[in-house]
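Worksheet: one structure, shown below.
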Amino acid sequence: MTWMKSIKQSLGSIVVISSMLMCSHAVLAKKIEPDKTMTNKHFQEEKTLPAGVDNIAQVNINQASAEELAKKLHGIGIQKAKAIVEYRNTYGAFNTIENILEVRGIGPAFLEKNRSKLTL
Numbered sequence: 000m001t002w003m004k005s006i007k008q009s010l011g012s013i014v015v016i017s018s019m020l021m022c023s024h025a026v027l028a029k030k031i032e033p034d035k036t037m038t039n040k041h042f043q044e045e046k047t048l049p050a051g052v053d054n055i056a057q058v059n060i061n062q063a064s065a066e067e068l069a070k071k072l073h074g075i076g077i078q079k080a081k082a083i084v085e086y087r088n089t090y091g092a093f094n095t096i097e098n099i100l101e102v103r104g105i106g107p108a109f110l111e112k113n114r115s116k117l118t119l
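FYI, in numbering that gives the first Met the number 0 the residues of the sequence shown are 0 to 119.
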């Protein structure tokens, strides 16, 4: 009879512990959710232009034509602008502004001069 009593106590303990674990998991999942929302808001704020930046001077390197790139960016002519467009057509859209350095003939000096004008 003693062994049956200990089995009942063990089963009761297992049920209680299992219930606590299931409930704590649900509580933890709810705590993580607000952080996710805050991250999305932070990401949206980064995409907006800082005050005083002229939106017309911005050049989207994933959409601009070679002529537009050559006209709006310092330090490149039509040939380098065509190289940017050709690279984009061959390898797909740029994921970051820094990816423009992969284009032959485009170096760090160009990027630093034009970083404020470049968008994705």
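Just so you know, even glycine gets a beta-carbon here, dropped at the ideal spot from N, CA and C.
Every value quoted in this text rests on a predicted model; they were computed, and no experiment measured them.
How many Å lie between residue i and residue j at the Cα?
i	j	result
V14	S5	14 Å
Y86	K79	10 Å
G76	N113	14 Å
G74	G91	24 Å
E111	E97	10 Å
T95	I60	10 Å
N39	F93	Unreliable positioning characterises N39 in this predicted model, as indicated by a pLDDT of 48, which lies under 50. The coordinate reading is nonetheless provided below. One C-alpha to the other measures close to 21 Å.
V84	A56	19 Å
Q120	S115	Summary: the structure shown does not reach residue 120, with the chain confined to residues 0 through 119, and so no result is reported for it.
A108	E101	13 Å
T89	I99	13 Å
With DSSP collapsed to three states, give me the class of residue i.
i	result
P33	Legend: pLDDT at P33 = 48, less than 50; position of this residue unreliable, value from coordinates given subsequently. Three-state result, P33: helix.
M3	helix
T95	coil
G11	helix
V102	coil
Taking DSSP's pairing of strands, which residues face residue i in a bridge?
i	result
T118	N59
Mind reading off the beta-carbon distance from residue i to residue j? Whole number of angstroms is fine, and I expect it under 8 Å.
i	j	result
A82	G104	6 Å
E67	V58	7 Å
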